[in-house]
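Visitor: What follows is a single structure, and I will ask about it in a moment.
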Amino acid sequence: MKSMEKEVLFSKEIISKRVQELADEIARDYKGRELIVIGVLKGAFVFMADLIRFLQIPCLVDFTQLASYGSGSVSSGSIVIKKDISLPIEGRDVLIVEDIVDTGLTLSFLVRTLKERSPRSLKVCVFLDKKMRRQVPFTADYTGFVIDDGFVVGYGLDFSEQARSLPDVYIIKE
Ligand code: IMP
Ligand code: MG
């Protein structure tokens with residue numbers, strides 16, 4: 276990890292400002308309601324922790340973890356639930372929180388799966404969006420930053436489980 280060449284893409288100050296803006300937007304949209312916020316493990320845990328603390332509406336939190344069959348950092352088509360949420364979501368306002376949307380396969384699977392449980396509403400908030408890499412159509416309801424192709428780490432995002440704890444977001448240089 277020490278030898279990995281990388282440069283800061285988003286500083287912790289820029290990130291914090293943007294996360295607060297997202298939280299304000301979400302709180303406006305859900306005014307007077309109670310949200311169930313579902314974080315996608317592991318990558319979303321840092322973003323979610325910041326987001327919910329800026330959120331000026333009541334929320335319950337839950338987590339899910341998905342596994343995709345494929346190698347390395349490339350998602351394949353087949354995704355399974357490795358850890359399910361523990362809260363019932365029928366009739367509830369649900370917000371999925373994810374670190375990054377890339378091909379769109381993971382989130383389109385999760386949205387499809389959770390919709391079957393009849394939530395009152397289901398939206399998605401992503402910290403980062405690699406828009407040009409989509410393999411299936413997917414648009415998040417709330418997006419922190421749109422980024423170009425390239426591998427990013429920090430603020431929960433990992434490279435082979437490393438670098439999640441870095442407070443800034445870095446782009447790996449090849
Ligand atoms: P996809 O949208 O199904 O391709 O998958 C998105 C998932 O791939 C994310 O939840 C991340 O775990 C992982 N991922 C994609 N791009 C990156 C990156 O640049 N850094 C770290 N993880 C990434
Ligand atoms: Mg992830």
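For the sequence shown, my numbering begins at 276 and goes up steadily by one. By construction, the Cβ of each residue, glycine as well, lies at the ideal position given by its N, Cα and C atoms.
1) With C-beta atoms as the reference, is Thr339 less than 7 Å away from Val321?
2) With DSSP as the reference, please indicate the residues paired to Lys292 in a beta bridge.
3) Put Lys357 into one of helix, strand or coil per three-state DSSP.
4) With C-beta atoms as the reference, is Ile371 less than 7 Å away from Ile313?
5) How far does the alpha helix (DSSP H) with Leu380 in it reach, from first residue to last?
6) Assign Glu300 to one of two classes, buried (16 or more other C-beta atoms within 10 Å of its C-beta) or exposed (fewer than that).
7) In this structure, how does DSSP classify Lys317 when only helix, strand and coil are distinguished?
8) Could you check the C-alpha separation between Pro363 and Tyr430 for me, to the nearest Å?
9) Taking Cβ positions, are Asp374 and Ala319 nearer each other than 7 Å?
Guide: By the coordinates alone:
1) Taking the first residue of the sequence shown as 1, we reach residue 339 at position 64. Taking the first residue of the sequence shown as 1, we reach residue 321 at position 46. It is not a contact, given that the beta carbons lie outside the stated cut-off.
2) Residue 292 sits at position 17 when you count from the first residue of the sequence shown. Paired residue(s): none; Lys292 is not in a bridge.
3) Your numbering for residue 357 matches position 82 in the sequence shown. In the structure shown, Lys357 sits in a strand (DSSP, three-state: E or B).
4) The count along the sequence shown starts at 1 and reaches residue 371 at position 96. The count along the sequence shown starts at 1 and reaches residue 313 at position 38. Yes, the pair counts as a contact, with Cβ atoms nearer than the cut-off.
5) Sequence index remark: in the sequence shown, residue 380 carries index 105 (1-based). Per DSSP, Leu380 belongs to the alpha helix (DSSP H) from 380-390.
6) Here residue 300 refers to the residue found at position 25 of the sequence shown. Classification for Glu300: exposed.
7) Position 42 of the sequence shown, counted from the start, is the residue given in the question as residue 317. Lys317 falls in the coil class under three-state DSSP.
8) Within the sequence shown, numbered from 1, the residue matching residue 363 stands at position 88. Within the sequence shown, numbered from 1, the residue matching residue 430 stands at position 155. Cα to Cα, the separation comes out at about 29 Å.
9) Stepping through the sequence shown from its first residue, residue 374 is reached at position 99. Stepping through the sequence shown from its first residue, residue 319 is reached at position 44. Yes, the pair counts as a contact, with Cβ atoms nearer than the cut-off.
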